[in-house]
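What follows is a set of notes on a single structure, which appears directly below.
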Amino acid sequence: MSHLIVTDIHKSFSGTPVLTGQSLQVKDGEFVALLGPSGCGKSTLLQIVNGLIPADRGSVVLNGEDITGRTGKGRGMVFQGSELMPWRSALENVAFGLEVMGIGRAQRTARAREYLHLVGLDGFEHSWPHQLSGGMQQRVGIARAFCIQPSLLLMDEPFGALDVQTRDTLQDELLRIWESEPKMVLFVTHGIEEALYLADRILVYSKRPASVLREIQVPFERPRREDMKMDPRFLELRREISELLRDDAAH
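Okay, structure coming up:
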């Protein structure tokens, strides 16, 4: 059973506290959204889990192993910008993690093609990042993260820079791929509707320094469909969360 346990994380920048004693757990196959205002520390927490930023205090344990301050090791990351290497083709970008892991060329190429197919990019294997739209670049980023078959997927506002139509399409694509290969997901967003649509559970964070204002178990069954956004329960939860964040911002 996969399991993530984050315990008592503290982090300050230039003496300003950003995270003070943050803890969370994610169980096998669970999709958890970290929802809160920009600058509250959500992305910092995600990067600490990924080992990209050192915590001042606290621990990160993945599948029983202490990975605090270490990169890699069972985690895939999708950033707000696709962060593709411009000198590599789409196929080579997707295969990069496998190359780092020492997987042979034939095997990593075959697997990278499989994941490009899953994100709907057949025929674009040899395209350079600058030849792809923003949405297509994010598809490559998602394929790259899934391709290493991590037990934990970390997503830092991956659709935040996209137009509404592309964002909605990629949310559905993400759900389709994730439902075919369930894994733990930590998904950072400041979009209430996005969190409700994607997640099993939402941690609603306050302004900086972040604290959890409310934990919400999302009551909708899977697979998710677009018409769920018109469900009265969806609309009521969206209103409640919006009021919660607005009240916190006012104090």
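Residue numbers for the sequence shown follow the working numbering, beginning at 10 and rising by one.
For every residue, glycine included, the Cβ atom is placed at its ideal position computed from N, Cα and C.
Practice task
Please state whether DSSP places S21 in a helix, a strand or coil.
Solution key: strand
Handout entry: Host beta strand (DSSP E) of A42 (start-end)
Key = 40 to 44
Problem - Cβ distance (whole Å) where R122 is taken to contact L100 below 8 Å - result: 7 Å
Practice task
Look at the Cβ atom of G45, then the Cβ atom of K36, and state whether they are nearer than 7 Å.
Solution key: no
Handout entry: Those residues which DSSP pairs with P26 across a bridge
Key = S21
Exercise for the section: Output the boundary residues of the beta strand (DSSP E) element that contains I157. Expected result: Note, I157: premise wrong, no beta strand (DSSP E); not H, not E.
Handout entry: Distance CB(G169)-CB(Q89) smaller than 7 Å
Key = yes
Exercise for the section: Compare the Cα-Cα distances from R233 to each of E249, F196, E188 and report the closest residue. Expected result: E188
Problem - Beta bridge counterpart(s) of G85 as assigned by DSSP - result: L162
Handout entry: Between the CA atoms of V70 and H12 - distance to the nearest angstrom
Key = 8 Å
Practice task
Determine, using beta carbons only, whether V259 and L28 come nearer to each other than 7 Å.
Solution key: Residue 259 is actually Ala in this sequence, not Val. For A259 and L28, no; Cβs fall outside 7 Å.
Problem - Buried or exposed (CB count within 10 angstroms, at least 16 for buried), R231 - result: exposed
Exercise for the section: Check E224 in the structure and name its three-state DSSP category. Expected result: strand
Exercise for the section: Pull up the DSSP beta-bridge partners for E74, would you. Expected result: L71
Problem - Under 7 Å between C-beta atoms of L222 and L253 - result: yes
Problem - Span separating the alpha-carbon of T53 from that of T25 - result: 13 Å
Handout entry: Proximity below 7 Å, CB of S91 to CB of G150
Key = yes
Practice task
For A64, count neighbouring C-beta atoms within 10 Å of its own C-beta (all shown protein chains included) and say buried if the count is 16 or more, exposed if not.
Solution key: buried
Practice task
Please confirm whether H199 and S68 have their CB atoms less than 7 Å apart.
Solution key: no
Practice task
Evaluate the contact criterion for the region 124 to 143 versus the region 160 to 168: three or more CB pairs, one atom per stretch, below 8 Å.
Solution key: no
Problem - S23 classed as buried or exposed, judged by whether at least 16 other C-beta atoms fall within 10 angstroms - result: exposed
Exercise for the section: Output the distance between the C-alpha atoms of E245 and G85, rounded to the nearest integer angstrom. Expected result: 33 Å
Problem - As assigned by DSSP and simplified to three states, the class of L141 - result: coil
Exercise for the section: Could you pull out every residue in the same chain whose Cβ sits closer than 8 Å to the Cβ of L171, ignoring the five residues on either side in sequence? Expected result: G143, G144, Q147, L179
Handout entry: Length at least 4, wholly inside the region 91 to 139: the alpha helix (DSSP H) runs in chain order
Key = 99 to 109, 114 to 127
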